[in-house]
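Number of protein chains: 2
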Amino acid sequence: ARPRVGYFYTGKTGSQLLTEKVKKLTVQDYQSIPVVVNESSSVYDAICTMFLEDVGTLFVVNKTASLIGVLSRKDLLRASIGKQDLETMPVSIIMTRMPNITVCEKDDLVIEVANKLIEKQIDALPVIKKDADNNLEVIGRVTKTNMTKVLVDLSHDQLL
Amino acid sequence: ARPRVGYFYTGKTGSQLLTEKVKKLTVQDYQSIPVVVNESSSVYDAICTMFLEDVGTLFVVNKTASLIGVLSRKDLLRASIGKQDLETMPVSIIMTRMPNITVCEKDDLVIEVANKLIEKQIDALPVIKKDADNNLEVIGRVTKTNMTKVLVDLSHDQLL
């Protein structure tokens, strides 16, 4: 038999491989760092954190660092035009709560996340990891910005 | 000579054509409807419009309906935690003004827009059309949501 060395023609072009690559990308390839606030934080503090960290979505955790809520820029804007005092109002009053939060895991496909973002009309998903005590540790954040980045990398033939 | 009828094998697969198609998509294939407010509107009215229309970016126009500014959710959130009266403050005080606005036209490539959104760290671009008097008519809006939609359509092999 001939030795199996050298390059073999697979019948696939660079462009084709690229599209297949897009469909295989996982969350961990494109996720961002999550920004979390404690459930006892005030709405005012959450707004400050959002500006300081320059993110559009904050994740709310309890004392055991388990995910219990999500705060969007829209939630904070709605609260800020109300009559209440933002410095005393806890974020837990205005956040979206579990089980109404859409989450994903690091091995999920990026295109599944894209689908969820469009279907649920949300800006970001927390990337979570369940521990032995059923705590939901927040290990990442996937946003429409990350999805736009995939498209940019695709156009530059620079997919991870 | 043989008649040139029937299908010809181009050597390209569906997947390859798809990637080429992504690179040829133009803004008009994926743009959304723009939401505009008048330069004399109050910040409070702009916030209400943003919630009613459920958009993340508003475009500000002058009396001749020409684009003069952009308002993001972040601009409105920043204003809303200030001490001023939102009902009397005009949007022109807090908006991003021309020439600091990144715009695009309907025949621009979607991937060029994706690049601009990432580079400039913005959520949306107005799609504009210059008329004979140099007025900038706002005819559309392209956002990171539209970019995410491209990725979803790509994954479903359903690109326009």
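Sequence lines, in order, name chains A and B. Position one of the first sequence corresponds to residue 63 (our numbering), numbered consecutively onward. Position one of the second sequence corresponds to residue 63 (our numbering), numbered consecutively onward. C-beta: ideal position from N, C-alpha, C; glycine also.
Output, in chain order, the set of chain B residues within a Cβ distance shorter than 8 Å of residue 177 (chain A). 214 and 217
Same chain, Cβ closer than 7 Å to residue 105 (chain A), five either side skipped, listed in chain order: 138, 141, 148, 151, 153 and 156
Host beta strand (DSSP E) of residue 201 (chain B) (start-end): 198-205
Leaving out the 5 sequence neighbours to the left and right, which residues in its chain are closer than 8 Å to residue 174 (chain B) when beta-carbon positions are compared? 166
Sequence-distant residues of the same chain with beta carbon closer than 7 Å to residue 126 (chain B), five excluded per side: 197
CA nearest to the CA of residue 116 (chain A), picked from B:195, B:188 and B:184: B:184
Return the first residue and the last residue of the alpha helix (DSSP H) that residue 178 (chain B) is part of. 172-181
So, using beta-carbon positions, are residue 98 (chain A) and residue 123 (chain A) closer together than 7 Å? yes
Using a beta-carbon distance below 7 Å, is residue 119 (chain A) in contact with chain B? no
Tell me residue 191 (chain A)'s beta-bridge partners as DSSP assigns them. A:199
Under the DSSP definition of a beta bridge, which residues are partnered with residue 152 (chain B)? B:104
What residues from chain B crowd round residue 209 (chain A), counting only those whose CB sits closer than 8 Å? 206, 209, 210 and 213
Selected residue, minimal CA-CA separation from residue 118 (chain A), among A:205, A:209 and A:218: A:205
If contact means a Cβ-Cβ distance below 8 Å, which residues of the stretch 130-144 of chain B contact chain C? Absent from the structure is chain C; the protein chains it does hold are A and B.
Residues near residue 191 (chain A) by beta carbon distance below 6 Å, same chain, minus five either side: 199 and 201
Can you check whether the CB of residue 176 (chain A) is closer than 7 Å to the CB of residue 158 (chain B)? no
By the 9 Å beta-carbon criterion, what residues does the stretch 151-173 of chain A contribute toward chain B? 171, 172 and 173
Three-state secondary structure (DSSP) of residue 128 (chain A): coil
Sort A:207, A:130 and A:143 by Cα distance to residue 172 (chain A) and report the nearest one. A:207
Min CB distance residue 111 (chain B) to chain A below 7 Å: no
Return helix, strand or coil for residue 225 (chain B), following the three-state DSSP convention. The structure shown does not extend to residue 225 (chain B), since chain B spans only 63 to 222, so no value can be given for it.
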